[in-house]
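Undergrad: This is the structure I have questions about; it appears just below.
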Amino acid sequence: MKRVVLAVALVLGISGLALAHYPEGVTYPCFQFPDHLVPTIDGDLSDWDIVPDAYRIPVDLMGERLAGMTAPDYNDFNCWIAFGYNKTDGYWYAASWRYDNVVVVDRPSGDPSLIWQQDDLEIMIDADHSGGQYCCWKADEMPDEEERRLNGERQAQQYGFAYPQADNIYSMVFNTPNTWVWKPPYTECAFTFDGAIHEAGTTTYEIRLIPWLELIYYGPDQSTQYKFKEGDIIGFQVSYGDFDDPANPTQYHAFWTVSHQDATFKFA
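For the sequence shown, this note's numbering gives the first residue as 193, with consecutive numbering after it.
Okay, here's the thing in structure tokens:
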């Protein structure tokens with residue numbers, strides 16, 4: 193079966209920017225789902241049984257960026273993620289399994305922009321693999337306020353997902369005034385959770401989203417959707433935030449990333 197190749201891409205430097213892969217030379221396969229076998233977004237990952245294990249990215253291939261861990265402790269945290277796509281419906285699919293010895297999902301209700309301040313899954317997609325800064329410009333870097341608003345998540349998008357949530361809001365795109373891209377039909381997600389909050393638990397994430405070459409927050413009619421082609425390279429990044437102290441629920445315990453890099457919240 194033909195496939196799209198995913199590559200973790202990050203832009204380095206302030207001037208004279210150069211595109212590079214991190215870890216250097218690493219790409220990951222993305223499974224092409226036939227039309228009659230596209231996953232149902234319900235949190236049950238049995239739809240992914242047809243996807244070979246070689247498509248999974250395990251925690252062993254990720255880097256921890258905050259706590260100084262050089263290798264995962266499976267009794268503390270474990271995870272994997274896999275990706276797929278379907279040319280007919282245009283969706284990019286993701287499935288992930290996660291074990292955490294202390295589940296902290298204490299985000300205050302009503303503010304999904306804080307999804308990242310708890311145990312979460314973050315997926316960044318740079319559909320044309322162009323790299324560079326994609327959000328969070330300062331006023332001295334981009335003086336016009338509306339230009340900053342327009343360019344936030346325009347060229348690449350970072351999605352956050354967490355479950356369970358008291359207000360039943362499970363997804364978000366962080367650094368844009370966009371109010372529609374993280375909702376159906378552009379983003380759909382479902383989950384299962386087995387365990388107890390503030391104790392050990394396992395979570396499954398099942399997601400599909402529309403990738404964008406250009407995301408304009410005004411609306412989908414002003415935005416440009418990416419169309420999958422076999423052999424394309426798509427830039428992406430995945431992070432897992434791990435919070436273990438219920439008394440201090442916004443303090444990271446660890447932060448695992450596929451790219452092994454920092455500042456993934458604004459560089460593709």
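Using N, Cα and C, we set each Cβ at its ideal position, and we do this for glycine too.
So, helix, strand or coil for Ala246, using DSSP?
TA: Along the sequence shown, one-based indexing puts residue 246 at 54. It is helical.
Undergrad: Roughly how many angstroms separate the alpha carbons of Asp311 and Leu401, rounded to a whole number?
TA: Along the sequence shown, read from residue 1 onward, the residue named residue 311 stands at position 119. Along the sequence shown, read from residue 1 onward, the residue named residue 401 stands at position 209. If you take the alpha carbons of Asp311 and Leu401, they lie about 21 angstroms apart.
Undergrad: Alpha carbons only, please: which of Ala455, Val450 and Thr442 is nearest the one belonging to Trp308?
TA: For this step, residue 308 is matched to residue 116 along the sequence shown. Looking at Ala455, Val450 and Thr442, the one whose alpha-carbon comes closest to that of Trp308 is Thr442.
Undergrad: Hey, Tyr351 and Thr379: beta-carbon distance below 8 angstroms or not?
TA: Reading the sequence shown from its first residue, position 159 is the one you call residue 351. Reading the sequence shown from its first residue, position 187 is the one you call residue 379. Yes, Cβ-Cβ distance for Tyr351 and Thr379 is below 8 angstroms.
Undergrad: Give the DSSP bridge partners of Gly255, in chain order.
TA: Translated into positions along the sequence shown, residue 255 becomes position 63. Partner(s): Thr449.
Undergrad: Take Tyr432 as the anchor and find which of Asp252, Tyr247, Glu406 and Phe223 has the nearest alpha-carbon.
TA: Taking the sequence shown and counting its residues from 1, the one referred to as residue 432 is at position 240. Selected option, being the one with the closest Cα: Asp252.
Undergrad: Can you tell me where the beta strand (DSSP E) with Arg290 in it begins and where it stops?
TA: The residue you call residue 290 lines up with position 98 of the sequence shown. Trp284 to Asp292 is the extent of the beta strand (DSSP E) around Arg290.
Undergrad: Starting from the C-beta of Gly208, find all residues in its chain whose C-beta is less than 8 angstroms away, skip the five residues before and the five after it, and write them out in chain order.
TA: Numbered from its first residue, the sequence shown carries residue 208 at position 16. Legend: pLDDT at Gly208 = 29, less than 50; position of this residue unreliable, value from coordinates given subsequently. Here the set comprises nothing.
Undergrad: When the Cα of Ile399 is compared with those of Asp303, Tyr410, Ser451 and Phe383, which residue comes out closest?
TA: As a position in the sequence shown, residue 399 is number 207, starting the count at 1. Closest by alpha carbon: Phe383.
Undergrad: So what does Ser363 bridge to, in DSSP terms?
TA: Indexing the sequence shown from 1 puts residue 363 at position 171. According to DSSP, which records beta bridges pairwise, Ser363 is partnered with Phe353.
Undergrad: Any idea if Gly393 is buried or exposed, counting beta-carbon neighbours within 10 angstroms, 16 or more meaning buried?
TA: Here residue 393 is taken as the residue at index 201 of the sequence shown, counted from 1. With 16 or more other Cβ atoms within 10 Å, it is buried.
Undergrad: Entirely within the segment 377-419 and at least 3 residues each: give me those beta strand (DSSP E) ranges in chain order.
TA: 379-387, 393-401 and 404-406
Undergrad: For Asn192, does the three-state DSSP call read helix, strand or coil?
TA: Only positions 193 to 460 of the chain appear in the structure, and residue 192 is not among them; the question remains open.
Undergrad: Measure the Cβ-Cβ separation of Tyr285 and Tyr291 and say whether it is below 8 angstroms.
TA: As a position in the sequence shown, residue 285 is number 93, starting the count at 1. As a position in the sequence shown, residue 291 is number 99, starting the count at 1. No, they are not a contact pair.
Undergrad: Can you tell me whether DSSP reads Asp454 as helix, strand or coil?
TA: Position 262 of the sequence shown, counted from the first residue, corresponds to residue 454. Looking at Asp454 - three-state DSSP - the assignment turns out to be coil, as it is neither helix nor strand.
Undergrad: Just the C-alpha distance for Glu338 and Gln347, rounded to the nearest angstrom, thanks.
TA: Along the sequence shown, one-based indexing puts residue 338 at 146. Along the sequence shown, one-based indexing puts residue 347 at 155. When rounded, the distance between both Cα atoms is 16 angstroms.
Undergrad: Between Ala287 and Pro438, what straight-line distance do the alpha-carbon atoms span, to the nearest angstrom?
TA: Working through the sequence shown from its first residue, we reach residue 287 at position 95. Working through the sequence shown from its first residue, we reach residue 438 at position 246. Those two C-alpha atoms are separated by around 27 angstroms.
Undergrad: Please name the residue, chosen from Gln453, Lys421 and Gln414, that lies closest to Gln429 on a Cα-to-Cα basis.
TA: As a first step, residue 429 is located in the sequence shown; it is residue number 237 there, counting from the start. Per the Cα distances, Gln453.
Undergrad: Just how far apart, CA to CA, sit Thr449 and Gly255?
TA: Translated into positions along the sequence shown, residue 449 becomes position 257. Translated into positions along the sequence shown, residue 255 becomes position 63. Cα-Cα distance, rounded: 5 angstroms.
Undergrad: Just verifying my parser: in three-state terms, what is the DSSP assignment at Asn270?
TA: For this step, residue 270 is matched to residue 78 along the sequence shown. It is a strand residue.
Undergrad: Pull up the distance between the alpha-carbon of Tyr266 and that of Val294, whole angstroms please.
TA: Here residue 266 refers to the residue found at position 74 when the sequence shown is read from its first residue. Here residue 294 refers to the residue found at position 102 when the sequence shown is read from its first residue. In this structure, the straight-line span from the alpha carbon of Tyr266 to that of Val294 is close to 12 angstroms.
Undergrad: Should His321 be labelled buried (16 or more other beta-carbon atoms within 10 Å of its own) or exposed?
TA: Locating residue 321 in the sequence shown gives position 129, counting from the first residue. So His321 counts as buried.
Undergrad: Using a Cβ-Cβ cutoff of less than 6 angstroms, which residues in the same chain neighbour Asp436 once the five nearest sequence positions on both sides are dropped?
TA: The residue you call residue 436 lines up with position 244 of the sequence shown. Cβ within range, chain order: Val294 and His445.
Undergrad: Within its chain, find whatever has a CB closer than 7 angstroms to the CB of Gly302; leave out the 5 residues flanking it on each side and keep chain order.
TA: As a working note, residue 302 is residue 110 in the sequence shown. Cβ neighbours of Gly302 beyond the five flanking positions: Asp359.
Undergrad: Count the other CB atoms, across all protein chains shown, that sit within 10 Å of the CB of Thr456; report buried if there are 16 or more and exposed otherwise.
TA: What you label residue 456 is simply residue 264 of the sequence shown in a count that begins at 1. When all chains shown are included, Thr456 counts as buried.
Undergrad: Provide the residue span of the alpha helix (DSSP H) that contains Asn343, from first to last.
TA: Along the sequence shown, read from residue 1 onward, the residue named residue 343 stands at position 151. Taken as a continuous stretch (DSSP letters only), the alpha helix (DSSP H) holding Asn343 covers Glu337 to Asn343.
Undergrad: Count the other C-beta atoms from every protein chain shown that fall within 10 angstroms of the C-beta of Thr262, then say buried if there are 16 or more, exposed otherwise.
TA: Taking the sequence shown and counting its residues from 1, one reaches residue 262 at position 70. Exposed, by the Cβ-count rule.
Undergrad: What do you reckon, are the CB atoms on His390 and Val296 nearer than 8 angstroms?
TA: The residue you call residue 390 lines up with position 198 of the sequence shown. The residue you call residue 296 lines up with position 104 of the sequence shown. Cβ atoms of His390 and Val296: closer than 8 angstroms.
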